[in-house]
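So for the sequence shown, the UniProt record's numbering puts the first residue at 1; every next one is plus one.
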Amino acid sequence: MRNFDSLTVLLVCWIPVSQPLEVQSGKEVTLLCSNFSSSPTLIFWFRVTKRAKLSCIAAMFKPHEPASFCAGFQNGKFEMSSNLSTVFLKIKQVDLLDSGLYFCGFKMQSSPVIVEATDLVVHDTFIGLPNVMSLILGVLTVFLITVIVCLAVKIKKLQKGIFIMITLKKEEQLFSILKHLHYAAVTFLPKTESPHRPASATEVDPDVIYSSTR
Numbered sequence: 001m002r003n004f005d006s007l008t009v010l011l012v013c014w015i016p017v018s019q020p021l022e023v024q025s026g027k028e029v030t031l032l033c034s035n036f037s038s039s040p041t042l043i044f045w046f047r048v049t050k051r052a053k054l055s056c057i058a059a060m061f062k063p064h065e066p067a068s069f070c071a072g073f074q075n076g077k078f079e080m081s082s083n084l085s086t087v088f089l090k091i092k093q094v095d096l097l098d099s100g101l102y103f104c105g106f107k108m109q110s111s112p113v114i115v116e117a118t119d120l121v122v123h124d125t126f127i128g129l130p131n132v133m134s135l136i137l138g139v140l141t142v143f144l145i146t147v148i149v150c151l152a153v154k155i156k157k158l159q160k161g162i163f164i165m166i167t168l169k170k171e172e173q174l175f176s177i178l179k180h181l182h183y184a185a186v187t188f189l190p191k192t193e194s195p196h197r198p199a200s201a202t203e204v205d206p207d208v209i210y211s212s213t214r
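And the structure:
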């Protein structure tokens, strides 16, 4: 078993790995592997975790036959099946411990031959919470900016209206002052008669006798 683990770890170093398959915890995922054998062959699935721990999952000799599960994987969480073209490994309700590198292959002269590898990455359910919070904060920021812009426009219009009212009030006051000045310029006060006004030349005193000489 130790030799098997060492050889498998060495094969992991050069075997091509597909793009990481990311899934949320609690979901169901199905891994695929091409059916590389046209004759009955012992096909197996195994997993390598981040701790470099190799674990046999299941093995199958012929398509449409029940798979044999290795120790620790007999809880009904894993299902292995196959048809003429593809080998499947279904994992129910994945969790963080299911993350790892999954391989399918077969044995040739007691040595494992790896055909395909899939990197399964399981995310916690709450991993999307920061993204939701960022989205909410972004929406609130846009909303606050919109409110501030609207208030600034309203304040600008209010200031403009107040300025117009003050200007009209000043013009009205100026017009009133000019109107009073106009009336003051054309109004004449009545002339008072002096008590010592000299007698008119044509006015005749009845108590005086006038004479004329030729």
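From the three backbone atoms N, C-alpha and C, an ideal C-beta is built for every residue, glycine too. Predicted model only: the values in this text are computed from it and were never measured.
query, result
"Assigned secondary structure, G72 (DSSP; H/G/I helix, E/B strand, else coil)", "coil"
"For N75 and H64, the rounded distance between their alpha carbons", "20 Å"
"Cβ pair E28, I91 closer than 8 Å", "yes"
"Endpoints, beta strand (DSSP E) assigned at K58", "Before going further, note that residue 58 is Ala rather than Lys in the sequence given. Its beta strand (DSSP E) spans residues L54 to M60."
"Per-residue burial, S99 [other beta carbons within 10 Å of its own, 16 or more giving buried]", "buried"
"Where the beta strand (DSSP E) containing Q24 begins and where it ends", "L21 to Q24"
"Between the CA atoms of L42 and I57 - distance to the nearest angstrom", "13 Å"
"Cα-Cα separation, L168 to V139", "44 Å"
"Simplified DSSP state of E171, which is helix, strand or coil", "helix"
"F78 and L89 closer than 8 Å at C-beta", "yes"
"Delimiting residues of the beta strand (DSSP E) encompassing G87", "Per the sequence shown, residue 87 should be read as Val rather than Gly. Note, V87: beta strand (DSSP E), T86 to I91."
"C-alpha gap between K154 and Q173, whole angstroms", "29 Å"
"Status (buried if at least 16 other CB within 10 Å, exposed otherwise) for Q19", "exposed"
"Collapsed DSSP secondary structure at A117 in the structure displayed", "strand"
"Sub-8 Å separation of D124 and S25 beta-carbons", "yes"
"Reduced DSSP secondary structure (H/G/I, E/B, other) of S82", "strand"
"Nearest residue (CA-CA) to L31, options V149, L101 and K53", "L101"
"Own chain residues within Cβ distance below 6 Å of V113, not counting five before or after", "G105 and F106"
"Top-ranked residue by Cα proximity to G72, from M60, S85 and F46", "F46"
"Nearest-angstrom beta carbon gap, S81 and N35 [assumed within contact, 8 Å]", "11 Å between Cβ atoms; not a contact."
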